[in-house]
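Residue numbers (this note's numbering), protein chains in the order written: chain A, 1 to 458; chain B, 1001 to 1178. Backbone N, C-alpha and C define an ideal beta-carbon position, used for all residues, glycine too. What you are looking at is a predicted structure, and each value in this text was computed from that prediction instead of being measured. These notes are about the structure you will find just below.
Structure below.
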């Protein structure tokens, strides 16, 4: 019965991996991108642009250290400007990688095997970009280590009742666990590259990274246990990270922040933007490197469905915020809603609704869900929308406080933009290097998807 | 201890099914010091070669408990014992506020234990190993499956073991120099 159901469903769906591949050809195809394929001119141009943007990031951070955060548009009452907007945006993008690699592993969604590696890389690079912002927005970045509880000559300790302190622990744990998860996933593939590399330097480098992996059955057994446990640990972790990020706001009393809907709605929004980023990377990469057989229509469709579902949760979050503005009877909450719709930042708010709620509804149409071009465009729209959402939460809530005497406006300066665009450059530069230096699809997990890999239990 | 000149005898197979069957027959024939190598994890293969004790979960459990205790006690000691500060009239020992960091530290320590515990139990990193002396073993990370009987096995005898492995219809047989 189950088997029959599975077969009918499978027949209707695009396969996870196109038929006709063997253990050898899968290995060949993925490792050749790293080992034998020469870097194209397009790669050099793309990497060059991303590298220049990274230099721009370093320049703007250098100037910030020299001059202080007065070069940004932040003032009182808007003390959290682009830095926090970008921090929340980047860390949210990272969440899809962990969702794909950990949660979908626990749910036995084997289609994840072809996209988990680069989704995890995306997580790592996004978290690296996110981590820059809180460190530089403290004003004196060289003292950012004060956030950690270390025995100082001052004798005081961090204030553990503050969500900002929780955030330090949540984000640093998340960065560590994501890096470890990515690394242990790479070990068996490093062994494959070690055995296939012809250049001695490459053989030594991959050999070191493989830690001497030889594929022993005992090793695989412990490896799989550790991998599964790590997935089980990363699952509550990823949900906790954006929950704690939302506490940074929700624990404050500012109208527009002080609400209990924030944790679930932040987590859903994170996954929403993360899948959009996965698609924006996967669609060009599969085309350029000819990986359509491994990252199939099925992956695009499934990602689109996840975006549709999380997008609706986000829409529900906006709906409840608006409803509570009216239902609570609190004049400040009601004003927050009115101010979003008609205030000086009405254009970003309406754009947010269009980007995050209205346009993504086209994903209900199957034809658009399977069209790479349409998906790429919708994903771009969602990323813009999710950035605007954080802008609305941070800036629009702060600029209209309880007292009219403390009202103000926020105008980002060119340094705000340079830092933001610079992190996008750094992220892309890291992705460009990643696709050339490491196998972007998990080779050993792809082998397990082949029909020949199945060993019948007797 | 005198070092054996031959580390073991290795047989090469084409498919995971053949490897599992061969591992089972070898283990049933009374060989205990054997190992199997494959380019991807094969369910049940470790059991066929007589591997039943996986300590990774225990290591992770201990790591998690230590992490949780460290997280909670650190906050308690710093906020209530070493330097008590009155913040908004909240109790020095405000346990609900300490839960988040306790949770994060549990995950952090458990995750680190999972990775480094697994590597340590596997004896990795180990850049040199005798099996790498067999040239065909490079295929173990691609599409071939290997079974080895170590020369330290009680039942091992150079000719007999070789004949036994040949009876399993492998693709090739090689001696592994140590």
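Query                                                                                                                             : Result
For residue 1148(B) and residue 59(A), the rounded distance between their alpha carbons                                           : 57 Å
Residue 253(A) at chain B interface by Cβ criterion, 8 Å                                                                          : no
Distance between beta carbons of residue 1049(B) and residue 1027(B), contact taken as under 8 Å                                  : 6 Å
Exposure label - residue 38(A); buried when at least 16 CB within 10 Å                                                            : exposed
Residue-chain proximity (residue 1033(B), chain A), Cβ-Cβ < 8 Å                                                                   : no
Proximal residues of chain B, C-beta to C-beta of residue 398(A) below 9 Å                                                        : Result: empty, since nearest Cβ-Cβ is about 21 Å, beyond 9 Å.
Backbone CA spacing between residue 449(A) and residue 1016(B) [nearest angstrom]                                                 : 13 Å
Per DSSP, cross-strand counterpart(s) of residue 1010(B)                                                                          : 1148(B) and 1174(B)
Member of 1030(B), 1092(B), 1072(B) and 1110(B) whose CA lies at the smallest distance from the CA of residue 1081(B)             : 1092(B)
Contact list for the region 1005 to 1030 of chain B against chain A, Cβ threshold 7 Å                                             : 1015, 1016, 1017 and 1020
C-beta contact flag for residue 1037(B) and residue 1153(B) at 8 Å                                                                : no
Distance between residue 186(A) and residue 1095(B) (C-alpha atoms, nearest Å)                                                    : 39 Å
Residue 109(A) at chain B interface by Cβ criterion, 8 Å                                                                          : no
Residues of the region 194 to 216 of chain A whose Cβ lies closer than 8 Å to any Cβ of chain B, in chain order                   : 194, 195, 196, 207, 208, 211, 212, 213, 214, 215 and 216
Run of the alpha helix (DSSP H) containing residue 334(A), from where it starts to where it stops                                 : 331 to 342
C-alpha gap between residue 217(A) and residue 1123(B), whole angstroms                                                           : 13 Å
Where residue 498(A) falls: helix, strand or coil (DSSP)                                                                          : Residue 498(A) is absent from the structure shown; chain A starts at 1 and stops at 458.
For residue 1130(B) and residue 1176(B), believed in contact at Cβ under 8 Å, the rounded distance                                : 5 Å
The ligand GDP heavy atom lying under 7 Å from the CB of residue 447(A)                                                           : Only the bare structure without any ligand can be found here, which leaves the ligand GDP out of the picture.
In chain order, each alpha helix (DSSP H) run of at least 4 residues that lies wholly inside the region 115 to 163 of chain A     : 116 to 137
Unbroken stretches of the beta strand (DSSP E), 3 residues or longer, contained in the region 1022 to 1072 of chain B             : 1034 to 1037
Outcome for residue 140(A) when other beta-carbon atoms lying within 10 angstroms are tallied against a minimum of 16             : exposed
Listed by chain order, chain A residues near residue 1097(B) by CB distance under 7 Å                                             : 160 and 161
C-alpha distance - residue 1041(B) paired with residue 1088(B), whole-angstrom precision                                          : 55 Å
Contact the region 151 to 171 of chain A vs the region 70 to 81 of chain A: 3+ CB pairs below 8 Å                                 : no
Neighbour-count burial assignment, residue 133(A), 16 or more Cβ in a 10 Å radius                                                 : buried
For residue 95(A) and residue 317(A), believed in contact at Cβ under 8 Å, the rounded distance                                   : Residue 317(A) to residue 95(A), Cβ: 16 Å. No contact.
Straight-line Cα distance separating residue 1021(B) from residue 151(A)                                                          : 59 Å
Cα-Cα separation between residue 331(A) and residue 319(A), rounded to whole angstroms                                            : 18 Å
Length of the line joining the Cα atoms of residue 209(A) and residue 189(A)                                                      : 10 Å
Interface flag, residue 1159(B) vs chain A, CB-CB below 8 Å                                                                       : no
DSSP state of residue 351(A) mapped onto helix, strand, coil                                                                      : helix
Cut-off 7 Å between Cβ atoms - residues of its own chain near residue 11(A), not counting five sequence neighbours on either side : With a pLDDT of 46 at residue 11(A), under the threshold of 50, the modelled position of this residue cannot be trusted, and the question is left open.
Euclidean distance between Cα positions of residue 1007(B) and residue 1035(B)                                                    : 12 Å
Same chain, Cβ closer than 7 Å to residue 378(A), neighbours up to 5 away in sequence not counted                                 : 359, 360, 362 and 363
Beta-carbon neighbours of residue 240(A), restricted to chain B and to distances below 9 Å                                        : 1100, 1103, 1104 and 1107
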